[in-house]
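S.K.: Numbering-wise (my numbering), the sequence shown opens with residue 1 and increments by one. Positions of the beta carbon are idealized from the N, C-alpha and C atoms, including for glycine. Dumping the structure here so I can ask a few things about it.
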Amino acid sequence: MELKREIRFSSRVSLVISLLDAWTCQAPIGKITLELEGVRTKAVNKSNGSYIFSDLPHGDYILRVNAEHYFDIQVPLSTNLVRMIEHIPLQPLPSYPFSQGATLIRAILQDQNGSPIRGARVTATVESEECASARLMSEKVEKGADLLTVGSVIGAITAGSSFVLRGRGAKAADEWICIKEVLEFQKRLQLQQPLEGSFSRGAVLLPVIQTRSTERGELVLPFRTGRNSSFGVNITIAREGGESRRLLKEVMVSEGAVTNLGTQVLT
């Protein structure tokens, strides 16, 4: 009798990278490569935009993401943590193939000598509360809380999304928050950092978009509000290294159109 022995080899999943198109909230498009500094192991690519690294020693790593239609990024990671899924949004480049009817702001950044400003950090906050992505449902959320219960959700809220949490009332405070994980069909949001202030029922989550300028000083800010024909946006531009800063208040954006701010000069 011939005896057959079955041998199975298994790999330990060490790290799952979930990439997301920050504009569409879907899997990214185009060619994308990932690598961990100092690691020869290649990630297994899944159709949903996830990449799986297996059998990694515990430790700290630098993840490099190079993408055709998005800004390249470097992200510090650790495999010592219990949570092994990292959600990473990718910001579209100005050359991204936006669909017709996309709501965009475009601009070019230059210095006083007319040279393009590369790597400037750009933050845009939607100021119209009618365009809020969600509203706080809890009667009171105290300082130090890291979990929000929300309702009146418009569009998709994903891990890695940023918002300004704006309280109600004349003296209500604003606080920048970033979503770590989305729970219970977008009804509960885990925050990356605990709240620094307290907020009451009805506080709104206003969308925040963060990007940077290209080598040629170009920038694009894509929005997906879909609720108002026009809305106000505050834009902050800071040069690399924090040398200078410029605030553009209440730029009015038309839904489904490109708002071109032309050349913005940073002194």
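What does the Cβ neighbour count give for Phe163, buried or exposed, with the cut at 16 atoms within 10 Å?
M.R.: buried
S.K.: Where does Ser229 land, buried or exposed, given buried means 16+ other C-beta within 10 angstroms?
M.R.: It counts as exposed.
S.K.: With DSSP run on the structure shown, which of helix, strand or coil describes Glu250?
M.R.: strand
S.K.: Quick check on the DSSP output: the beta strand (DSSP E) that includes Tyr51 runs from which residue to which?
M.R.: 50-54
S.K.: Taking the beta strand (DSSP E) that Thr267 falls in, what are its first and last residues?
M.R.: No residue range can be given for Thr267, since it is assigned to no beta strand (DSSP E) and is classified by DSSP as neither H nor E.
S.K.: Could you give the C-beta distance for Phe98 and Pro222, rounded to a whole number, given that I count them as a contact under 8 Å?
M.R.: Indeed they touch by this definition, with Cβ atoms about 7 Å apart.
S.K.: Could you compute how far the alpha carbon of Leu15 sits from the alpha carbon of Asp111?
M.R.: 42 Å
S.K.: Could you spell out the range, first to last residue, of the beta strand (DSSP E) harbouring Asn66?
M.R.: 60-67
S.K.: Compute the distance between the beta-carbons of Cys178 and Gln190, then report whether it is under 8 Å.
M.R.: no
S.K.: For Trp23, does the count of other Cβ atoms within 10 angstroms reach 16, so buried, or fall short, so exposed?
M.R.: buried
S.K.: What is the rounded straight-line gap between the Cα of Ser213 and the Cα of Pro94?
M.R.: Approximately 9 Å between the Cα atoms of the pair.
S.K.: Using DSSP's beta-bridge definition, name the partner residues of Trp176.
M.R.: According to the DSSP secondary-structure assignment, Trp176 is paired through a beta bridge with Val164.
S.K.: CB-CB under 7 Å to Tyr70, same chain, minus the five flanking residues each way: which ones, in chain order?
M.R.: So the qualifying residues of the chain are Pro28, Leu90, Gln91, Pro92, Leu93.
S.K.: With 16 as the cutoff for other CB atoms within 10 Å, does Ala43 come out buried or exposed?
M.R.: buried
S.K.: Could you tell me the distance, in whole angstroms, from the CA atom of Phe231 to the CA atom of Val153?
M.R.: 18 Å
S.K.: Give the straight-line distance between the Cα atoms of Leu183 and Ala134, rounded to the nearest whole angstrom.
M.R.: When rounded, the separation of the alpha-carbon atoms in Leu183 and Ala134 is 14 Å.
S.K.: Assuming Leu136 and Val150 make a contact with CB atoms under 8 Å, what is their CB distance in whole Å?
M.R.: 6 Å
S.K.: Indicate whether Lys143 and Glu215 have their beta-carbon atoms separated by less than 8 Å.
M.R.: One thing to note: Lys143 has its Cβ no nearer than 8 Å to the Cβ of Glu215.
S.K.: Do you know whose CA, among His58, Gln210, Asn113, Gly49, lies nearest Gln264's CA?
M.R.: Asn113
S.K.: Assign Arg245 to one of two classes, buried (16 or more other C-beta atoms within 10 Å of its C-beta) or exposed (fewer than that).
M.R.: Within 10 angstroms of the beta-carbon of Arg245 lie fewer than 16 other beta-carbons, which makes it exposed.
S.K.: Let me confirm a value: Leu268 is counted as buried when at least 16 other C-beta atoms fall within 10 Å, else exposed. Which label applies?
M.R.: Nothing can be reported for residue 268: it is not among the residues displayed for the chain, which extend from 1 to 267.
S.K.: Just mark Asp72 as buried or exposed, buried being the case when its beta carbon has 16 or more other beta carbons within 10 Å.
M.R.: exposed
S.K.: Within the 8 Å Cβ cut-off, does Ala22 reach chain D?
M.R.: This model lacks chain D altogether; it includes just one protein chain.
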